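The structure appears below as structure tokens.
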Amino acid sequence: MREKFAAFLLIVASSFAYFIWEAQPDGLLHIYILNVGQGDAILIRTPNGTNILNDGSAGSSIMQELGAVLPYFDRTIDYAILSHPDRDHIEGLIHVARRVKIEKFYMNGAVRDNFLVRGLLSAIREYDIPIILADDSKDILLDDGVKLDLLYPFKLPLNQKDALNNTSIVFMLEYGETRALFTGDIEKETESEIVAAGVDIRADILKVAHHGSRSSSIQPMLDKIQPKIALISAGRDNKFGHPHPEVLERFTKMGVAIHRTDINGRIEIIVSPTDYTIK
Ligand SMILES: [Zn+2]
């Protein structure tokens, strides 16, 4: 009996040790394009274990995805960044705000009087989450050498009549020699504005704008970015026809490797100070 109890204690102790070990950051930057159907949800876990969530897709499938990639004992989102309040970006964040601790919430201030915006704002109030209205001056500098350089919107407040997609927060993630550009759902008008403003958007990795829609990824923008890898978040057989074959062809012609959640499922990129690999 005593041996059985000792064995039981050993199992409990080793499971506990495993969970503690699993929660330790591994000194590398991880970018997860989560497998959430039609929408965007991207988790960035930095070398010191800071968790940054960019969008939450529609529905609540993000909760399962976060459960799969976040360590059991580290389920805090340090920074949540909503690119723009369309359903396929905002809805999952309402579930996250109600079930996971969020330290800071970045949004662009675009408001629409609908149940999703009201639902998010009421969760933010209820859980007392600080809001940062993010324009291009609100960069995030972390002590492990990771920088989130906010590039767009150029100025706030927004013109509330602008199409929501074109108000999306755009940011560059920089770590060591690698740069990754996240573009929400911006379309050709905002892409032209960013190109015309001469913003440095060179990046190795590109989260393709608006799920690979034909109204985004204009050639002058891609010429400036010169990506090596294009990441597309889209639902399998989605009704919008995302990603559009013309956009895929633009990337293929440039020799860019394309990774798609509708084909590959969840995508993980692991970044060291000098290199990156895709899983
Ligand atoms: Zn979208």
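Heads up: the sequence shown is residues 1 to 279, going by my numbering. The C-beta atom is built at its ideal place from N, Cα and C for all residues, glycine as well. Keep in mind it's a predicted model, so treat the numbers as computed, not measured.
request  = Give a single yes or no on whether Asp88 has its beta carbon closer than 6 Å to a heavy atom of ligand 1.
outcome  = yes
message = By alpha-carbon positions, which one of Phe251, His95, Asp136, Val256 ends up nearest to Ala58?
response = His95
query = Just to confirm, does Asp185 get its C-beta within under 6 Å of one of the non-hydrogen atoms of ligand 1?
reply = yes
ask   = With a Cβ-Cβ cutoff of 7 Å, do Asp149 and Asp139 count as a contact?
value = yes
ask   = Going along the chain, which residues of its own chain have a beta-carbon closer than 6 Å to the beta-carbon of Leu53, five neighbours each way excluded?
value = Leu43, Ile77, Ala80
query = Roughly how many angstroms separate the alpha carbons of Asn108 and Ile218, rounded to a whole number?
reply = 23 Å
Coarse secondary structure for His84, derived from DSSP in three states = coil
Val195 vs Met172 beta-carbon contact at 7 Å = no
Min CB distance Leu141 to chain C below 7 Å = Chain labels in this structure do not include chain C; a single protein chain is all it has.
key: Opening and closing residue of the alpha helix (DSSP H) in which Leu34 lies   = That residue, Leu34, is in no alpha helix (DSSP H); it is neither H nor E in DSSP.
request  = Can you have a look at Thr183 and say buried or exposed, based on whether 16 or more other CB atoms are within 10 angstroms of its CB?
outcome  = buried
query = How long is the line joining the alpha carbons of Val170 and Ala197, rounded to whole angstroms?
reply = 14 Å
ask   = Roughly how many angstroms separate the alpha carbons of Pro227 and Val247, rounded to a whole number?
value = 14 Å
query = Is it right to say Asp88 is buried, meaning 16 or more other beta carbons lie within 10 angstroms of its own, or is it exposed?
reply = buried
ask   = To the nearest angstrom, how far is it from the Cα of Ser213 to the Cα of Ala123?
value = 31 Å
ask   = Taking the alpha-carbon positions, what's the Ile62 to Ser15 distance?
value = 26 Å
query = So is Val36 buried or exposed if we call it buried at 16+ other beta carbons inside 10 Å?
reply = buried
inquiry  = Quick check on Thr252: buried or exposed, where buried means 16 or more other Cβ atoms within 10 Å of its Cβ?
reply    = exposed
query = Between Arg98, Asp262, Asp275, Phe115, which lies nearest to Asn178 when the distance is taken from Cα to Cα?
reply = According to the sequence shown, residue 178 is Thr rather than Asn. For Thr178, the nearest C-alpha among the options comes from Asp275.
Under 7 Å between C-beta atoms of Ser215 and Ile186 = no
key: Rounded straight-line distance, which links the Cα of Gly56 to that of Arg125   = 18 Å
key: Nonlocal neighbours in the same chain, by C-beta distance under 7 Å from Gly27, ignoring five residues either side   = Pro47
ask   = Do you know whose CA, among Leu158, Leu93, His30, lies nearest Asp136's CA?
value = Leu158
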